[in-house]
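To start, the structure itself, in C-alpha cells.
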Amino acid sequence: MRKQIAAANWKMNLTYQQAEKLIDDLLALPHQLKENQQVIFAVPFPYLTMVTHKLAGKQNVFVAAQNCYNKKSGAYTGETSVEMLQSIGVHHVVIGHSERREYFHESNEMLAEKVDICLANNITPIFCCGEPLTFREANEQDLFVAKQLLESLYHLSAEDIQKVVIAYEPIWAIGTGKTATNQQAQDIQAFIRHQIAGHYSEAIANNISILYGGSVKAANAKDIFSQADVDGGLVGGASLIADEFNTIINSLK
Ligand code: PGA
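Take any residue in the sequence shown, count from 1 to its spot, add 135: that is its number in the numbering used here.
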C-alpha cells in the first residue's frame, strides 16, 4: 500500500521560538499514525536541526528542507547542498515548489538535476508540479503538468521514480483559500498516475504517493484525501496552526 502523507510547508514563516512552540504544541496533540502514514515537516533551513531533535524517536515523522542546490559543493554563496542536509540527518527535500519556480526562476531542467542529486544522496524529493490559472481556464492543465513531469522526472530509472513523492499543487489554489474541487484534484492526479503508468508500469504508478496541495485545511482535508488518487497533502497556511494541522494528519487514509 502506498504511503499516505501529511506534509507541512512552513515556507518563510515563524521565528525560532515560534517554530519550537508549534512543534511542541503539535506533538502534544493526539495522533496515531498507521504504518502506511507519514508526517513530514518542511521547515526553514535554520530550524532543521531543532526540529530533527524534537522528532527524534518518532516513527514515520520526518523533517524536510524546502529546497537544495543542484550542485555537489563549491563556490555557490548562499546555497545549501544535499550533502549538507544528509550530514544533519535530513532525508527529504521539497523540489520545485511553484514559488521557487516563479520567484527564483527554477526551470524543469534545473529541477531534474535537483531530483538527481537528491536521489544520488538517498534523499527523497517531494517534487511539486501544477498549473497556473490561465492553463486551468483553457482546460490545458493536463498538458502543462505532463510537460513538467516529462522534463524533470521521466529520465529516472524504474527504481528511482518510485523514490519520488509527487505533490500536485494548482498555483491558483495556493494560499488563495480557493481549493480545487475533489473531482478536479482526483481527475488530474489520476491523469498523473496514468502518465507514470504509461512511461513505467501500472505497478510502479500505483506505488507512488501523489499529494494534493493548495488551501488544504482541517475543514476540507478528509474529503480531498478520500479521493482515490490523493495520497495526502502538502499544506502551507494551515500547517502553521497546531490543531489545524493535527486534524489534517488525522484525516489521512
Ligand atoms: P497553502 O500552500 O496550503 O497555504 O495553499 C500550499 C503550498 O504552497 O504548499
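C-beta atoms are modelled at their ideal positions from N, C-alpha and C, and glycine is treated no differently. On a predicted model such as this, the values are computed, not experimentally measured, just so you know.
- In this structure the stretch 137-157 lies against the stretch 174-192, because at least three pairs of beta carbons, one per stretch, are closer than 8 Å.
- At a Cβ-Cβ threshold of 8 Å, residue 347 and residue 303 count as neighbours.
- In the structure shown, the three-state DSSP call for residue 387 is coil.
- Assigned with DSSP and collapsed to three states, residue 176 falls in strand.
- Taking the C-beta atoms as reference points, residue 311 is found nearer than 8 Å to residue 350.
- Taking a 10 Å sphere around the C-beta of residue 209, we find fewer than 16 other C-beta atoms and assign the residue as exposed.
- When C-beta atoms of the stretch 325-338 are compared with those of the stretch 369-381, fewer than three pairs fall below 8 Å, so the two segments do not count as touching.
- Rounded to the nearest whole angstrom, the CA to CA distance from residue 314 to residue 356 is 10 Å.
- Taking the C-beta atoms as reference points, residue 195 is found nearer than 8 Å to residue 172.
- For residue 344, the shortest separation between its Cβ and any heavy atom of ligand 1 does not lie below 7 Å.
- Annotation for residue 373 indicates a beta carbon within 7 Å of some heavy atom of ligand 1.
- Excluding the 5 residues flanking it on each side, residue 154 has same chain C-beta neighbours closer than 6 Å at 182, in chain order.
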